[in-house]
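Student: Dumping the structure here so I can ask a few things about it.
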Amino acid sequence: MSEVPATTRQLLSAPLPQIIEKLGVSIAQAQMALDQNSVQIAQELSTSEVEIGGETYNLLSLGFLPSFYAFTEATVEAKLSFSMTESTETSINVGAQIGINYGVFMAAASVSVGYARKFSV
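Numbered according to our numbering, the sequence shown terminates at residue 126, and the numbering increases by one at each position without gaps.
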């Protein structure tokens, strides 16, 4: 039985939806980590105080703000290249020899059969 249909089915059932889902979840987790980092920096800015002209100010009130980053685009590149070959070879070699020597008749026959099946992906 040929292996080609089974291999083709495996290739067609590639987990593309799972890859896209994991990309989206990963982006959401990374965005959350970026946001938490920015909030932490904002809290540090609000507790860091400096004295200017005899008055104390925190850095946040002086206009220092943390950067909030956002993912605007994500790209997944996938390349798939495959080839399938299946071949069957059968060979038959038949040979015969006949010899007559001093009234003695001799006959010989040889048969060689070969069978090869190749499959590669």
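By construction, the Cβ of each residue, glycine as well, lies at the ideal position given by its N, Cα and C atoms.
Note that this is a predicted model, so its numbers are computed, not measured.
1. Let me make sure I understand the geometry here. Which of GLU78, ASN42, ALA101 has the alpha-carbon closest to that of SER117?
2. Helix, strand or coil: how does DSSP classify GLU52 here?
3. Out of VAL44, ARG122, ALA83, which one is the CA nearest neighbour of GLU91?
4. Under 6 Å Cβ to Cβ from MET111, same chain only, skipping five residues before and after it: list those, please.
5. Determine whether the beta carbon atoms of LEU39 and TYR74 lie at a separation below 7 Å.
6. Per DSSP, what kind of secondary structure is LYS89 in: helix, strand or coil?
7. Compute the Euclidean distance between the alpha carbons of PRO22 and VAL81, then round it to the nearest angstrom.
8. Would you please state the rounded distance, in angstroms, between the beta carbons of PRO71 and ILE32? I believe it to be under 8 Å.
9. Among GLU56, ALA114, ALA83, SER43, whose alpha-carbon lies nearest the alpha-carbon of ILE25?
Tutor: Quick look at the numbers:
1. ALA101
2. Checking the sequence, you will find Thr at residue 52 rather than Glu. Residue state, collapsed to three classes: helix.
3. ARG122
4. GLY104
5. yes
6. Before going on, a small fix: residue 89 reads as Met here, not Lys. Looking at MET89 - three-state DSSP - the assignment turns out to be coil, as it is neither helix nor strand.
7. 12 Å
8. Going by Cβ atoms, the distance from PRO71 to ILE32 rounds to 20 Å, so no, they are not a contact pair.
9. ALA83
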